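K.L.:
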Amino acid sequence: MPGPPSQGLLPGMEGTELAELARAAEQRGDRKGAARLWEKLSSQHPDDPDPPYRIGALFHELGLYVSALPYFQSAVRRGANSAEPQLRIAHCLVSMGRPEDALAIYRQLLDQTPVPATISAYLFALILTPGQSADFVAAEHRRLAALLETAPPAPRAASAGGLKHVGLVSGHLGSEHPIAQLIEPALERISRSGLKLTVYATRPPGPAQADRIRRYGGVESIHGLNDTDAAARIAAQGPDLLVDLIGHTSGARPGIFARRPAPRQAGFLGYTFTSGAPFMDAIIADPHVCPPQEESLYAERVIRLPACFTVFRPPPGMPEERSKVARDNLVFGSLNNAAKLNLPTIRLWARVVSGVADAHLLLKSRAFAEPANRARIAGLFDAAGLDPARLDFEGHSSFSQGMARYRGVDIALDPLVYNGCTTTAHALWMGTPVVSLPGRAFYARMGVSLLTAADRPEWIAADEDDYVRIARSLAADRGALRAEQQRLLTSLEASPLCDLNAYADSLSDAFRRAAALPA
Numbered sequence: 023m024p025g026p027p028s029q030g031l032l033p034g035m036e037g038t039e040l041a042e043l044a045r046a047a048e049q050r051g052d053r054k055g056a057a058r059l060w061e062k063l064s065s066q067h068p069d070d071p072d073p074p075y076r077i078g079a080l081f082h083e084l085g086l087y088v089s090a091l092p093y094f095q096s097a098v099r100r101g102a103n104s105a106e107p108q109l110r111i112a113h114c115l116v117s118m119g120r121p122e123d124a125l126a127i128y129r130q131l132l133d134q135t136p137v138p139a140t141i142s143a144y145l146f147a148l149i150l151t152p153g154q155s156a157d158f159v160a161a162e163h164r165r166l167a168a169l170l171e172t173a174p175p176a177p178r179a180a181s182a183g184g185l186k187h188v189g190l191v192s193g194h195l196g197s198e199h200p201i202a203q204l205i206e207p208a209l210e211r212i213s214r215s216g217l218k219l220t221v222y223a224t225r226p227p228g229p230a231q232a233d234r235i236r237r238y239g240g241v242e243s244i245h246g247l248n249d250t251d252a253a254a255r256i257a258a259q260g261p262d263l264l265v266d267l268i269g270h271t272s273g274a275r276p277g278i279f280a281r282r283p284a285p286r287q288a289g290f291l292g293y294t295f296t297s298g299a300p301f302m303d304a305i306i307a308d309p310h311v312c313p314p315q316e317e318s319l320y321a322e323r324v325i326r327l328p329a330c331f332t333v334f335r336p337p338p339g340m341p342e343e344r345s346k347v348a349r350d351n352l353v354f355g356s357l358n359n360a361a362k363l364n365l366p367t368i369r370l371w372a373r374v375v376s377g378v379a380d381a382h383l384l385l386k387s388r389a390f391a392e393p394a395n396r397a398r399i400a401g402l403f404d405a406a407g408l409d410p411a412r413l414d415f416e417g418h419s420s421f422s423q424g425m426a427r428y429r430g431v432d433i434a435l436d437p438l439v440y441n442g443c444t445t446t447a448h449a450l451w452m453g454t455p456v457v458s459l460p461g462r463a464f465y466a467r468m469g470v471s472l473l474t475a476a477d478r479p480e481w482i483a484a485d486e487d488d489y490v491r492i493a494r495s496l497a498a499d500r501g502a503l504r505a506e507q508q509r510l511l512t513s514l515e516a517s518p519l520c521d522l523n524a525y526a527d528s529l530s531d532a533f534r535r536a537a538a539l540p541a
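Residues in the sequence shown are numbered from 23 upward in steps of one, following this note's numbering.
1) Give the DSSP-derived three-state secondary structure of arginine 335 in the structure shown.
2) Is arginine 326 near alanine 307, with beta carbons less than 9 Å apart?
3) Spell out whether any CB of chain C is found under 9 Å from the CB atom of alanine 321.
4) What does the alpha-carbon distance come out to for the pair leucine 365 and arginine 178?
5) If you draw a straight line from the C-alpha of alanine 156 to the C-alpha of histidine 163, how long is it?
6) Which residue from Ala541, Pro518, Leu131, Ala44 puts its Cα closest to that of proline 328?
7) Below 9 Å between beta carbons: does that hold for lysine 362 and arginine 427?
8) Only counting the same chain, and skipping five residues up and downstream in sequence, which positions put a Cβ closer than 6 Å to that of proline 276?
9) Could you pull out every residue in the same chain whose Cβ sits closer than 6 Å to the Cβ of serine 96, ignoring the five residues on either side in sequence?
10) Please tell me whether glycine 430 and glutamine 508 are closer than 9 Å, where the distance is taken between their beta carbons.
11) Are tyrosine 320 and cysteine 330 closer than 9 Å when you measure CB to CB?
12) Are the CB atoms of leucine 264 and glycine 189 within a distance shorter than 9 Å?
13) Going by C-alpha to C-alpha distance, which of Cys520, Leu219, Ile235 sits closest to glycine 260?
14) Which residues does DSSP pair with leucine 264 in a beta bridge?
15) Using only CA atoms, which one of Arg335, Asp436, Pro121, Gly355 lies nearest to alanine 483?
16) Please report how far the alpha carbon of arginine 534 lies from the alpha carbon of arginine 225, in whole angstroms.
17) Please classify aspartate 249 as buried or exposed, where buried requires at least 16 other C-beta atoms within 10 Å of its C-beta.
18) Would the beta-carbon of alanine 537 fall within 9 Å of that of arginine 286?
19) Give me the Cα-Cα distance between methionine 302 and alanine 497, rounded to the nearest whole angstrom.
20) Taking alanine 505 as part of the alpha helix (DSSP H), name the residues at either end of that continuous run.
21) How long is the line joining the alpha carbons of methionine 23 and serine 272, rounded to whole angstroms?
22) Look at leucine 571 and glycine 461 and say whether their C-beta atoms are less than 9 Å apart.
What follows is the structure, given as structure tokens:
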């Protein structure tokens with residue numbers, strides 16, 4: 023449901039009866055009814071930018087990005103005196119798998135007013151865009167993070183006697199979001215050691231979400247507070263270490279950290295690269311995603327967990343039945359967000375699938391609910407040499423339904439540029455081999471870390487030719503593949519990737535090391 027319009031976006035419309043009715047329909051969750059009312063307002067007030075913006079926001083939040091674009095574009099043409107419609111256009115392009123087109127918009131907005139929301143959106147789009155060197159991406163993070171600096175209050179000393187209180191800034195803990203799935207089991211273990219945990223929720227947590235958080239810590243909503251007030255509220259509660267679980271992803275709040283509400287601040291898990299910021303002291307990683315020779319990419323001091331930067335325990339909703347469904351043909355698959363489906367990945371996957379005579383490729387993501395986006399992606403595969411008839415597209419479904427789809431996927435393919443993370447863990451848990459090719463930066467090396475922790479380094483490719491070789495070799499002997507899938511089902515739980523106790527101990531130690539960093 024769209025939030026209130028940006029300041030000044032709706033001159034003269036706030037009091038109209040139709041606008042009130044439309045907003046009421048939004049509050050009830052009646053998106054179709056709200057869209058009809060906003061359409062009527064749009065025709066009655068052809069110069070007002072707000073009605074098309076509202077319709078675009080409704081489509082955007084439903085994951086109908088292609089449908090949303092013309093409405094946001096209409097709001098811009100009608101002279102919206104806010105950057106919000108342009109930001110939404112760029113956000114839609116990223117979600118559709120067109121981050122390179124979004125970059126031009128973000129850069130234009132940054133040239134006008136480099137506000138934190140635009141900075142973070144640009145940086146996130148940059149790490150999704152192929153052809154950007156890791157050194158350039160790191161330099162852009164440092165350049166723009168410098169604009170976020172503010173005059174912080176005098177630094178508060180850490181608690182006497184070491185780390186006692188860790189704050190976690192997130193909008194997703196307590197939910198089904200991937201970040202919550204990955205970290206909450208460890209937080210529950212850590213909380214039993216006596217370490218105080220407080221979640222500073224950037225989105226208002228519902229009762230069920232708050233109850234889930236309270237299993238391991240306190241919850242304090244900072245939704246609706248500006249950066250200064252949010253930082254003051256956090257500082258008043260005295261965390262020794264403040265952990266950013268958002269980074270430059272959607273809902274980013276770097277301005278809070280720029281005000282230094284805690285003596286030490288660390289990035290972890292939510293954003294898999296440097297923040298670029300001088301006010302962030304540490305990034306928690308591992309030897310695979312951040313090998314020593316790549317430390318120069320990071321503005322923070324790197325604190326490495328000994329095995330993998332994450333752990334996996336099956337969350338509620340994972341299917342109990344994990345065996346593969348019998349079929350005549352082989353299915354490669356990716357359930358990664360469409361934002362990661364770039365041209366180098368399409369060309370590589372086309373090579374893989376075209377070399378296996380009866381194979382299909384399943385692509386499942388929210389963005390594929392729209393025929394126009396499916397047609398665009400199919401055209402790119404066609405140009406890369408794969409018959410579009412061998413592509414199977416699926417849109418969004420419930421979490422449990424999505425996980426059940428792995429029963430029909432024989433081999434999962436990890437995207438280039440920005441690897442899968444939770445998606446890879448899900449695939450492995452469901453007995454599906456994953457083939458991955460690493461790059462240089464954290465976000466391009468998650469497959470290495472997860473596969474190493476799963477005791478499956480043989481699925482890590484040295485180059486694109488090796489990626490094709492590994493995938494086709496797995497597909498060549500169906501009997502051997504079935505045996506490999508079964509071994510994965512029985513062995514993964516004993517691997518370091520699923521060792522929750524060891525991971526919780528190492529993460530707790532990483533928090534203590536981050537809190538103890540010298541100034």
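Backbone N, C-alpha and C fix where the C-beta goes; we use that ideal spot for every residue, glycine too. Treat the numbers as computed from the prediction; the structure is a model and nothing was measured.
P.N.:
This is what the structure gives:
1) DSSP places arginine 335 in coil when its eight states are reduced to three.
2) The answer is yes: Cβ separation under 9 Å.
3) Here there is only one protein chain, and chain C is not present.
4) One C-alpha to the other measures close to 48 Å.
5) Between the alpha carbons of alanine 156 and histidine 163 lies a gap of roughly 11 Å.
6) The shortest C-alpha separation from proline 328 is found at Pro518.
7) It is not a contact, given that the beta carbons lie outside the stated cut-off.
8) Contacts found: Pro138, Leu170.
9) Apart from the 5 residues on each side of it in sequence, serine 96 sits with its Cβ closer than 6 Å to the Cβ of Pro74 in its chain, given in chain order.
10) Not a contact, by the Cβ cut-off of 9 Å.
11) Not a contact, by the Cβ cut-off of 9 Å.
12) The Cβ atoms of glycine 189 and leucine 264 sit closer than 9 Å to each other.
13) The shortest C-alpha separation from glycine 260 is found at Leu219.
14) Beta-bridge pairing links leucine 264 to Gly189, Gln287.
15) That would be Asp436, whose Cα lies nearest to the Cα of alanine 483.
16) Each residue's alpha carbon lies about 27 Å from the other.
17) So aspartate 249 ends up on the buried side.
18) In contact: alanine 537 and arginine 286 (Cβ atoms closer than 9 Å).
19) Cα to Cα, the separation comes out at about 45 Å.
20) First-last of the alpha helix (DSSP H) with alanine 505: 500-513.
21) Bear in mind that the predicted position of methionine 23 carries a pLDDT of just 35, short of 50, making it unreliable; the figure below should be weighed with that in mind. Going by the C-alpha atoms only, they are around 16 Å apart.
22) This structure gives no information on residue 571, because the portion of the chain shown stretches from 23 to 541.
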